[in-house]
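Engineer:
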Amino acid sequence: MSKPGDDDALAGLLKAREVAATFGIDPRTLWNWERDEILVPATRVRGHRYYRREDVARLISQGRRKSP
1 MSKPGDDDAL
11 AGLLKAREVA
21 ATFGIDPRTL
31 WNWERDEILV
41 PATRVRGHRY
51 YRREDVARLI
61 SQGRRKSP
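For the sequence shown, position 27 (counting from the first letter as 1) is numbered 27 according to full-length UniProt numbering, and the numbering increases by one without interruption.
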C-alpha cells in the first residue's frame, strides 16, 4: 500500500519495466546500463528503481532507440 505523498514523490519518474519497454530491452539490461553509468536510477523505493523521464529522453535523443 502506498503512503500519502508517494505518488507525488514519484511523479515524473518511470519504473524500470517501463524504461525497458521504451527501449525494447530486457529489464536486466538496465542493471548493465546502471553499472556502466549509461542510465542511473533517480531513486529506489522498496527495492524498485525509478528513472527520470528527462534522462530517458536524453538517451533517446543521443541515439539509443527501441530495438527492432
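Cβ coordinates follow ideal geometry from the N, Cα and C atoms, glycine included. This structure is a prediction, so every number in the text was calculated from the model and none was measured.
Could you pull the DSSP bridge partners for Leu13 from this structure?
Structural biologist: Bridge partners of Leu13: Arg52.
Engineer: Report the option in Asn32, Arg35 and Tyr50 whose CA atom is closest to the CA atom of Ala42.
Structural biologist: For Ala42, the nearest C-alpha among the options comes from Tyr50.
Engineer: What do you get for Ala16, buried or exposed, if any count of 16 or more other CB atoms within 10 angstroms of its CB means buried?
Structural biologist: Result: buried.
Engineer: Taking the alpha-carbon of Glu18 as reference, which of Arg58, Arg64, Arg53 and Leu59 has the nearest alpha-carbon?
Structural biologist: Out of Arg58, Arg64, Arg53 and Leu59, Arg53 has the C-alpha closest to the C-alpha of Glu18.
Engineer: Over what stretch of residues does the alpha helix (DSSP H) that includes Arg28 continue unbroken?
Structural biologist: Taken as a continuous stretch (DSSP letters only), the alpha helix (DSSP H) holding Arg28 covers Pro27 to Arg35.
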